[in-house]
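Visitor:
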Amino acid sequence: MTNSIQPTNFIHEIIEQDLKANKHKGRVHTRFPPEPNGYLHIGHAKAICIDFGTAAKYNGLCNLRFDDSNPIKEKQEYIDAIKEDIRWLGFDWEDREYYASDYFDQLYEWAVQLIKAGKAYVDDLSAEEIREYRGTLTESGKESPYRNRSVEENLDLFERMKAGEFSDGSRVLRAKIDMAASNINMRDPVMYRILQKPHHRQGDKWCIYPTYDWTHGQSDSIEGITHSLCSLEFEDHRPLYDWFLEQLGVFHPQQIEFSRLNLSYMITSTRKLGKLVHEGNVDGWADPRMPTLSGLRRRGYTPESIRNFVERIGVAKTDSVIDIALLEHCLREDLNKRAQRVMAVLYPLKVIIDNYPEDKVEELDCVNNPEDASMGTRKVPFSRVLYIEQDDFREEPPKKYFRLAPGREVRLRYAYFIKCVNVIKDEKGKVVELHCTYDPKTQGGDAPDGRKVKATLHWVSAKHALNAEVRLYDRLFTKANSNEAEEGKDFTSNVNPKSLEILSSCWVEPGLKDAKPGDRYQFERLGYFCVDPDSSDKALVFNRTVSLRDTWAKIEKTQKV
RNA sequence: UGGGGGAUCGUUCAAUGGUAGGACGGUUGUCUCUGGAUCAACUGAUCGGGGUUCGAAUCCCUGUCCCCCAGCCA
Numbered sequence: 006m007t008n009s010i011q012p013t014n015f016i017h018e019i020i021e022q023d024l025k026a027n028k029h030k031g032r033v034h035t036r037f038p039p040e041p042n043g044y045l046h047i048g049h050a051k052a053i054c055i056d057f058g059t060a061a062k063y064n065g066l067c068n069l070r071f072d073d074s075n076p077i078k079e080k081q082e083y084i085d086a087i088k089e090d091i092r093w094l095g096f097d098w099e100d101r102e103y104y105a106s107d108y109f110d111q112l113y114e115w116a117v118q119l120i121k122a123g124k125a126y127v128d129d130l131s132a133e134e135i136r137e138y139r140g141t142l143t144e145s146g147k148e149s150p151y152r153n154r155s156v157e158e159n160l161d162l163f164e165r166m167k168a169g170e171f172s173d174g175s176r177v178l179r180a181k182i183d184m185a186a187s188n189i190n191m192r193d194p195v196m197y198r199i200l201q202k203p204h205h206r207q208g209d210k211w212c213i214y215p216t217y218d219w220t221h222g223q224s225d226s227i228e229g230i231t232h233s234l235c236s237l238e239f240e241d242h243r244p245l246y247d248w249f250l251e252q253l254g255v256f257h258p259q260q261i262e263f264s265r266l267n268l269s270y271m272i273t274s275t276r277k278l279g280k281l282v283h284e285g286n287v288d289g290w291a292d293p294r295m296p297t298l299s300g301l302r303r304r305g306y307t308p309e310s311i312r313n314f315v316e317r318i319g320v321a322k323t324d325s326v327i328d329i330a331l332l333e334h335c336l337r338e339d340l341n342k343r344a345q346r347v348m349a350v351l352y353p354l355k356v357i358i359d360n361y362p363e364d365k366v367e368e369l370d371c372v373n374n375p376e377d378a379s380m381g382t383r384k385v386p387f388s389r390v391l392y393i394e395q396d397d398f399r400e401e402p403p404k405k406y407f408r409l410a411p412g413r414e415v416r417l418r419y420a421y422f423i424k425c426v427n428v429i430k431d432e433k434g435k436v437v438e439l440h441c442t443y444d445p446k447t448q449g450g451d452a453p454d455g456r457k458v459k460a461t462l463h464w465v466s467a468k469h470a471l472n473a474e475v476r477l478y479d480r481l482f483t484k485a486n487s488n489e490a491e492e493g494k495d496f497t498s499n500v501n502p503k504s505l506e507i508l509s510s511c512w513v514e515p516g517l518k519d520a521k522p523g524d525r526y527q528f529e530r531l532g533y534f535c536v537d538p539d540s541s542d543k544a545l546v547f548n549r550t551v552s553l554r555d556t557w558a559k560i561e562k563t564q565k566v
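Residue numbers (the numbering used here): 6 to 566.
(1) Closest by CA to Trp290, which one among Pro411, Lys167, Leu45?
(2) Using 10 angstroms around the beta-carbon of Glu529, count the other beta-carbons present and answer buried if the total reaches 16, otherwise exposed.
(3) Tell me the DSSP secondary structure of Pro515 in three-state form.
(4) Give, in chain order, every unbroken run of the alpha helix (DSSP H) that is at least 4 residues long and sits entirely within the stretch 249–318.
(5) For Asp555, count the other beta carbons within 10 Å of its own beta carbon; 16 or more makes it buried, fewer makes it exposed. Which is it?
(6) At what residues does the beta strand (DSSP E) containing Asn488 begin and finish?
(7) Is it true that the CB of Gly229 sits closer than 8 Å to the CB of Leu250?
(8) So is Val475 buried or exposed if we call it buried at 16+ other beta carbons inside 10 Å?
(9) Count the other CB atoms, across all protein chains shown, that sit within 10 Å of the CB of Ser379; report buried if there are 16 or more and exposed otherwise.
(10) Look up Asn427 in the DSSP assignment and say whether it is helix, strand or coil.
(11) Looking at the structure shown, is Asp218 part of a helix, part of a strand, or coil, going by DSSP?
(12) Hey, how far is the Cα of Leu5 from the Cα of Tyr214?
(13) Between which two residues does the beta strand (DSSP E) carrying Ile357 extend?
(14) Assess, as a yes-or-no matter, whether the stretch 444–463 is touched by the stretch 410–423 under the definition of 3 or more beta carbon pairs within less than 8 Å.
(15) Which class does Asp128 belong to by DSSP, given the choice of helix, strand or coil?
(16) What is the DSSP secondary structure of Cys335, counted as helix, strand or coil?
(17) Between Tyr104, Asn373, Met184, Lys404, which has its C-alpha nearest Gln564's C-alpha?
(18) How many angstroms separate the CA atom of Ala571 from the CA atom of Asp377?
(19) Please determine, among Phe482, Phe37, Gly43, Phe171, the residue with the shortest C-alpha to C-alpha distance to Thr59.
(20) In the DSSP assignment, find the unbroken alpha helix (DSSP H) run with Arg165 in it and report its ends.
(21) Nearest CA to the CA of Ala132: which residue from Pro445, Pro362, Leu142, Asp173?
(22) What are the complete alpha helix (DSSP H) segments, minimum 4 residues, inside the stretch 71–110?
(23) Look at the alpha carbon of Glu18 and the alpha carbon of Asn286, and state the distance between them as a whole number of angstroms.
(24) Where does Gly523 land, buried or exposed, given buried means 16+ other C-beta within 10 angstroms?
(25) Check Gly450 in the structure and name its three-state DSSP category.
(26) Return the CA-CA distance between Trp211 and Val536, expressed in angstroms with no decimal places.
(27) From Asn628 to His257, what does the alpha carbon distance come to, in whole angstroms?
(28) Please return the same chain residues whose Cβ sits closer than 6 Å to the Cβ of Ala520, not counting the five positions on each side in sequence.
(29) Just the C-alpha distance for Ala180 and Leu245, rounded to the nearest angstrom, thanks.
(30) Smallest Cα separation from Asp183: which of Arg192, Asp479, Pro150, Val546?
(31) Within 10 Å of its beta-carbon, does Leu623 have 16 or more other beta-carbons around it, so buried, or fewer, so exposed?
(32) Going by the DSSP bridge assignment, what does Thr35 pair with across the sheet?
(33) Check for me: the beta strand (DSSP E) holding Thr231 runs from which residue to which?
(34) In angstroms with no decimal places, state the Cα-to-Cα distance between Tyr478 and Ile227.
(35) Quick check on DSSP: helix, strand or coil for Gln395?
(36) Is the Cβ-Cβ distance between Asp85 and Ser106 less than 8 Å?
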């Protein structure tokens, strides 16, 4: 009777088999190994959920390990941001925070061991020459003239590389494998390069730095990782990963590859996101339009929705592009359950209730969340002059338009039925003000005579409402496949010029005066919004996280076609 | 043209020789003081061609298409 857990993807199946075979005495240990060369994005979220989630599922552990073997690209700023983002997502590495750079001494010793075994050599060829000697996809490579140096000479040269006697690029340490291998990674891969650069954690201790291939498997081994989960592009590095571990005769983890996350209308490449940041297409890594975890957080995404999203997309080896609509669905599903409802008007249109007393103010009861009665109710002031949404009035309503129009009656949410009796326009013919009458008997929103109304509008009381800035975000790219650019252009040419729209004269109900950065609301009938860190008591700033599904917009669109 | 992977509804994941199923999307309807949410229904796929088998998405043969690899990046 083993209480084995149902596998839900191919990685879990492999682990179940290992568990049955008692491969690691029932131990499951994974790791999440980011390079601190940028901010984490939604693609990393998939890896994080798989790495931490798989360990958790089998009562195992997951380490956080910074893969920091290239000082040119890495920064402490990124390490700090990465840690914050993983925590925010809801995962905990406890005290298991490791750095590949902490293994540099061990890696150096192992390199010496390989040299002594005749399995590694110092090569004086230049980078260009190494490339030429490597051959091509179809032609095998040829051996470097330095390939057969004596062990003594290699030991001496390698030590002097470490001592800083040579300039950048002048020499490398290479594994001696097979220049005719069909897998190019096996054609004497570089293990160490000379980089006269200080390391963000090691300072000036080193001027030779190990490459990814020489670092990763050994780091996994040192940490006792049982299953080293990574993305598909490392598949043909696996023979090399295995080769190093076999030569060293150390604990041998198993590398398993899965497909990385691609999202329509988005980019999940740290390098490309960095380019958007550095070229000023966005306002930093945490811009709310960015698919970085910090950007999504500022935008108002919940960690739960992201974890649920990753759960739903599954794990496989197929190259796939996930529809952004699924991410948005997960977001709305979560926010719908937890976000407090409030009323806010983004594009205000003044409405005067002609028959409502000048100075009267009523405090009306409003439901905070129809999905969750425990969230209670609140009072919202109602008075003679209101703002409604410009979209909620049409002088000449098209078919299937249910909202306000001349002579038509609608409901103001939680308030009264009103009827439009007069339309005031400016000299250009733009509607600037509506005069309506209300039916006092419909207080609360229901007519005692049972008459129905087809639309319910949100509103705010003009003299009570708070002014707010609202930032509307649209998809960052205009094309579903953002990489599909014209000849001579790159993905940045697909950046959506309308991805940010700032509305400065919006009105929100007065109860929002104490809203704090990060607070999330549903603006009824509009969407989910959160308070931006730029917000203050004096000037409220909201970000639109995601709009509500909009059936009318869909109808209107098909009517136009 | 070498090597390594992959191909199932529009998208994505499942079905491990035995009824091709779920989710998202789309459509229609229900309900509703959010054109939201809910609920229901519908839509819709095994890359092609052979073969094995009582039975094939799954096994075999063959072809096609897609992705990754020629960094001293990870």
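Here a beta-carbon is modelled for each residue, glycine too, at the ideal position from N, C-alpha and C.
Guide: In brief:
(1) Leu45
(2) buried
(3) Pro515 falls in the helix class under three-state DSSP.
(4) 275–283, 298–304, 308–318
(5) Label assigned to Asp555: exposed.
(6) No beta strand (DSSP E) holds Asn488; DSSP gives it neither H nor E.
(7) no
(8) buried
(9) So Ser379 ends up on the exposed side.
(10) Strand at Asn427.
(11) helix
(12) A question about residue 5 goes unanswered here, because the residues of the chain that appear run from 6 up to 566.
(13) In the DSSP annotation of this structure, the continuous segment of the beta strand (DSSP E) that includes Ile357 starts and ends at 353–358.
(14) When Cβ pairs closer than 8 Å are counted between the two stretches, the stretch 410–423 is seen to touch the stretch 444–463, the count reaching three or more.
(15) strand
(16) helix
(17) Lys404
(18) Look at the range of the chain in this structure, 6 to 566, and you will see that residue 571 is not part of it.
(19) The residue with the shortest Cα to Cα distance from Thr59 is Phe37.
(20) Arg165 -> alpha helix (DSSP H) spans 156–168.
(21) The candidate whose alpha carbon is nearest that of Ala132 is Asp173.
(22) Counting whole runs of 4 or more residues, the stretch 71–110 contains the alpha helix (DSSP H) stretches 81–94.
(23) 43 Å
(24) exposed
(25) The answer is helix: DSSP assigns Gly450 an H, G or I state.
(26) Per the coordinates, the alpha-carbon of Trp211 lies some 46 Å from the alpha-carbon of Val536.
(27) Since the displayed the chain opens at 6 and closes at 566, residue 628 lies outside it and no answer follows.
(28) Apart from sequence neighbours up to five positions away, the residues of its chain that approach Ala520 with a beta-carbon distance below 6 Å are Val536, ordered along the chain.
(29) 10 Å
(30) Closest by alpha carbon: Arg192.
(31) Because residue 623 is not part of the residues shown, which for the chain are 6 to 566, the question remains open.
(32) Cys67
(33) Where Thr231 is concerned, there is no enclosing beta strand (DSSP E), given that its DSSP letter is neither H nor E.
(34) 45 Å
(35) helix
(36) No, Cβ-Cβ distance for Asp85 and Ser106 is not below 8 Å.
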